[in-house]
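Below is one structure, written out as structure tokens; comments come after it.
Protein chains: 2
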Amino acid sequence: MTGDLLIRSVRPWPDSPDAPAVDVLCADGALASFGPALQAPPGVPVVDGRGGVLLPSFADVHAHLDSNRLGLPFRPHTAGPGLADLVENDRRHWRTAERGVAERATHALGRTIAAGATLVRSHAQVDVDSGLDRLEGVLAAREAHADRAAVEVVAFPQCGVLREKGTADLLEAALLAGADLVGGLDPAGYDRDPVRHLDVVFGLADKHQRGVDVHLHDAGSLGAFQVELICERVAALDMRGRVTVSHAFALSTVDSDRQRELVELLAAHDVAVTTVAPGAREPLPLRRLRREGVRLGLGQDGMRDYWSPYGNGDMLDRAWQLAYRSGFRQDELVGMCVDIATRGGASVLGVPHGLTEGSPADLVVVPGDTVTAAVMDRAPRTLVVRAGRVVAAGGELV
Amino acid sequence: MTGDLLIRSVRPWPDSPDAPAVDVLCADGALASFGPALQAPPGVPVVDGRGGVLLPSFADVHAHLDSNRLGLPFRPHTAGPGLADLVENDRRHWRTAERGVAERATHALGRTIAAGATLVRSHAQVDVDSGLDRLEGVLAAREAHADRAAVEVVAFPQCGVLREKGTADLLEAALLAGADLVGGLDPAGYDRDPVRHLDVVFGLADKHQRGVDVHLHDAGSLGAFQVELICERVAALDMRGRVTVSHAFALSTVDSDRQRELVELLAAHDVAVTTVAPGAREPLPLRRLRREGVRLGLGQDGMRDYWSPYGNGDMLDRAWQLAYRSGFRQDELVGMCVDIATRGGASVLGVPHGLTEGSPADLVVVPGDTVTAAVMDRAPRTLVVRAGRVVAAGGELV
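Here is the structure:
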């Protein structure tokens with residue numbers, strides 16, 4: 001469903017704070033024209049942007065919609081340190097949430113949309129314990145918000161591909177059940193056999209002609225080695241433009257020369273990168289990645305879940321985190337974080353996005369004198385528009 | 001001015017989320033009793049805590065109230081990298097703000113109080129360019145909010161003590177004009193003569209019997225050496241308990257053995273430490289500092305000023321930053337950050353603070369199931385109480 005819409009009084013980024021506000025006409029779900037005092041064609045709804053900053057909508061390209069307790073009573077963190085304990089802790093608890101996965105994922109996706117994201121890539125855990133239950137919850141959330149956001153779903157082997165017999169079959173079943181991409185998880189550090197892990201993941205992707213998104217927390221030379229293994233498979237299977245490395249801590253834990261090699265390798269194979277701006281990890285080399293043309297997006301990760309109390313569905317808050325953690329003060333660098341959170345994420349998903357005429361009318365209006373001020377204040381979004389239709393206003397779904 | 005007050009329905013930290021809410025009676029500015037369904041003595045006002053978490057009020061122990069543009073039109077960041085350029089950029093711009101220092105400092109202090117802080121230590125820049133103008137602005141803000149917060153003021157040589165002739169005399173004039181402590185700034189890295197810089201600062205402190213608070217961004221062995229120089233002067237002048245090292249990046253940029261030596265040295269000399277939880281710097285060793293008994297507080301630093309666009313006066317948001325940047329997920333560690341932001345800061349100031357009967361009734365009520373949830377949500381404060389009187393409610397001054 002696409003719509004026509006006239007948005008009055010917004011300042012399209014990156015206009016200066018002194019530039020006069022303009023009106024924006026959306027037609028058939030796309031940006032049609034910008035200008036002062038535009039006339040709404042007969043029957044076209046008119047909404048007020050209140051002079052806010054107009055941005056392309058946010059793209060949350062690393063969500064775990066099946067993993068959140070947003071809106072539920074707070075539970076203390078019960079996991080010990082380390083990935084294995086986090087995995088097992090989640091297994092012990094997720095089934096006892098006060099609401100099922102579909103309801104929780106639908107709520108979290110709604111919060112994400114209300115905060116300005118209309119493009120989402122969510123992982124959905126697939127393993128021998130939960131089977132396809134969690135995937136089905138995420139697919140239900142996607143369906144519930146089908147008119148408000150485009151959601152890609154990754155069949156995500158949170159418990160490894162090799163450690164538990166039957167996982168590969170479940171991943172394939174997930175693809176047949178509606179998942180769009182195949183996931184992976186620390187092929188060496190967690191699954192202990194990087195080559196066989198990646199061969200299973202890429203084998204499924206090749207067989208079903210799907211994209212790949214691999215969680216790679218493994219750092220240093222071990223992580224770097226796996227970036228190479230991934231790129232080798234991209235080349236062998238002709239999968240340029242269809243593979244993402246998430247987290248990619250290797251990039252910020254090797255020396256500068258090795259980092260440059262890895263970034264060039266990712267660029268040459270058109271492998272995308274996503275980050276969630278973790279607080280205690282060294283930030284990714286954002287400028288180098290973008291300079292070399294690597295598609296780079298931002299995500300929320302899990303939100304107030306059995307893994308971590310952080311996260312609220314707000315990609316503007318997450319863009320703030322990316323800027324804060326990177327020590328950025330200059331407006332152009334804060335703006336770069338917003339670009340990563342909007343157009344960068346869309347590039348990871350391979351969809352057009354922007355504020356040029358003809359672009360999809362997926363938009364967000366944020367109060368603020370400038371985009372930096374908007375990031376610093378993180379005020380509720382004035383308007384969120386998907387395909388030319390208002391889907392949220394004042395921070396709430398409409 | 002102190003008051004009597006009955007606060008209904010709060011859950012004093014660290015009670016469990018399942019504990020029933022209680023009432024709190026404040027008498028003559030102090031905590032008198034906790035219990036279910038307390039009776040208000042005749043004439044004592046009653047306010048509703050709405051079941052929120054009750055904390056000791058926040059202590060912002062590293063503010064720069066003279067350096068903010070909160071509530072003014074946003075200005076892009078114009079400074080280059082490096083401390084010297086930040087100093088000169090501020091000099092070029094601060095006088096052209098739409099409002100003077102007193103008005104801006106008063107506004108920022110009001111925002112800080114409305115967000116739950118009733119204890120503040122603010123630096124006020126003293127240098128040959130601004131003279132005592134900025135100090136006077138901060139003193140005016142303190143006076144304007146005298147019933148709402150206790151504010152200590154540091155005469156802060158933002159442009160060095162030695163680089164510009166006449167600064168030492170101005171620092172002394174600042175002490176006579178109402179500043180409480182003498183400040184310092186990177187005695188080696190910025191002022192280029194650590195011994196003479198510290199001798200001037202500690203000389204003034206000794207002569208006027210005031211405390212000292214030194215900004216020490218210098219890292220690694222150079223910063224560590226200056227920590228030693230400071231402690232030597234604390235011992236020689238018998239200033240235990242009256243000196244603070246702010247930022248103290250040296251602590252997180254030396255190896256673990258040297259870090260332990262420095263922390264033990266600070267503890268032995270009862271030198272306090274403050275941090276502002278900077279995004280791109282390695283976090284301080286919070287647990288080691290507290291384990292060794294070093295008084296440790298948190299501050300806002302400048303707020304949306306000519307140095308940086310970050311900062312909003314909200315110490316709960318800053319406590320979130322401290323937890324996020326430290327990678328803390330466990331509730332007890334998030335709670336430790338809140339303790340640093342409340343009682344820790346009070347210990348830096350040397351004033352009693354807490355939720356025990358007889359403690360000053362300086363309190364904040366925050367919505368949330370638990371203190372971790374409150375930190376994650378950072379919702380507007382339900383109530384802020386100073387000396388038994390409500391000074392803010394719903395995020396606004398009353």
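If you read the protein sequences in the order shown, they are chains A and B.
Position 190 of the first sequence, counting from 1, maps to 190 under UniProt numbering, and the rest follow consecutively.
Position 365 of the second sequence, counting from 1, maps to 365 under UniProt numbering, and the rest follow consecutively.
Think of the CB as a built atom: it goes at the ideal place given N, C-alpha and C, for glycine as much as any other residue.
Distance, B:Phe-249 Cα to B:Gly-203 Cα: 25 Å
Exposed unless 16 or more other CB atoms sit within 10 angstroms - verdict on B:Ser-221: exposed
Continuous beta strand (DSSP E) assignments of at least 3 residues falling wholly in the region 140 to 210 of chain A: 150 to 156, 181 to 185
Exposure label - A:Ala-374; buried when at least 16 CB within 10 Å: buried
Under 8 Å from the C-beta of A:Thr-96: neighbouring residues of chain B: What A:Thr-96 touches in chain B: nothing, since even the nearest Cβ is about 16 Å away.
B:Leu-251 and B:His-197 closer than 9 Å at C-beta: no
Assigned secondary structure, residue 402 of chain B (DSSP; H/G/I helix, E/B strand, else coil): There is no way to answer for residue 402 of chain B, as the model of chain B reaches only from 1 to 398.
Test item: CB-CB of A:Ala-149 and A:Thr-112 under 9 Å: yes
Contact list for A:Ala-280 against chain B, beta-carbon separation under 9 Å: Pro-283, Tyr-324, Arg-325, Ser-326, Gly-327, Phe-328
Residues bridged to A:Phe-58 [DSSP beta-bridge criterion]: A:Ala-117
Selection of the region 71 to 86 of chain B by Cβ proximity to chain A, strictly under 8 Å: Pro-73, Phe-74, Pro-76, His-77, Ala-79
Neighbouring residues, chain E, relative to B:Ser-308 (Cβ below 7 Å): Looking at the structure shown, chain E is missing, and the protein chains on hand are A and B.
Cβ pair count under 8 Å reaching 3, the region 315 to 334 of chain B against the region 18 to 26 of chain B: no
Chain A within 9 Å of B:Val-334, Cβ atoms only: yes
When B:Gln-125, B:Asp-191, B:Ala-236, B:Ala-205 are compared against B:Leu-216, the one with the closest alpha-carbon: B:Asp-191
Segment contact, 8 Å Cβ cut-off, at least three pairs: the region 91 to 107 of chain B with the region 128 to 143 of chain B: yes
Between the CA atoms of A:Val-46 and residue 402 of chain A - distance to the nearest angstrom: An answer regarding residue 402 of chain A cannot be provided, because it is not within the stretch 1 to 398 covered by chain A.
Chain B residues whose Cβ lies nearer than 9 Å to that of A:Thr-112: Here the premise fails: no neighbours, minimum Cβ distance about 16 Å.
Selected residue, minimal CA-CA separation from A:Asp-169, among A:Val-126, A:Leu-333, A:Ala-37, A:Asp-238: A:Val-126
Buried versus exposed, by CB contacts within 10 Å (16 or more), A:Glu-357: exposed
Element boundaries [beta strand (DSSP E), containing B:Thr-244]: 243 to 246
B:Ala-59 and B:Gly-313 closer than 9 Å at C-beta: no
A:Val-366 - containing alpha helix (DSSP H), residue span: Not the alpha helix (DSSP H): A:Val-366 falls in the beta strand (DSSP E), residues 363 to 366.
Within-9 Å CB hit, A:Gln-321 to chain B: yes
Closest residue to A:Asp-180 among A:Gly-223, A:Leu-135, A:Val-200, A:Asp-193 (Cα-Cα distance): A:Leu-135
contact_flag[the region 343 to 356 of chain B, the region 374 to 390 of chain B] where n(CB pairs < 8 Å) is 3 or more: no
Within chain A, partners of B:Asp-339 - CB distance below 7 Å: By Cβ distance, chain A contributes nothing, its closest Cβ being about 16 Å from B:Asp-339, past 7 Å.
Run of the alpha helix (DSSP H) containing A:Asp-255, from where it starts to where it stops: Neither: A:Asp-255 is in no alpha helix (DSSP H) and is coded neither H nor E.
Limits of the unbroken alpha helix (DSSP H) element including B:Ser-347: 345 to 349
Other residues of its chain near B:Ala-319: CB distance less than 7 Å, five sequence neighbours each side excluded: Leu-298, Cys-337, Val-338, Ala-341, Val-375
Residue environment, A:Pro-360, which counts as buried when at least 16 other CB atoms sit within 10 Å: buried
Interface partners of B:Ala-373 on chain A, CB under 7 Å: Phe-74
Cβ distance (whole Å) where B:Leu-176 is taken to contact B:Arg-210 below 8 Å: Incorrect: roughly 11 Å between the Cβ atoms, too far for contact.
B:Ser-221, DSSP secondary structure in three states: helix
B:Ser-122 burial status per 10 Å Cβ neighbour count (16 or more: buried): buried
Coarse secondary structure for B:Gly-51, derived from DSSP in three states: strand
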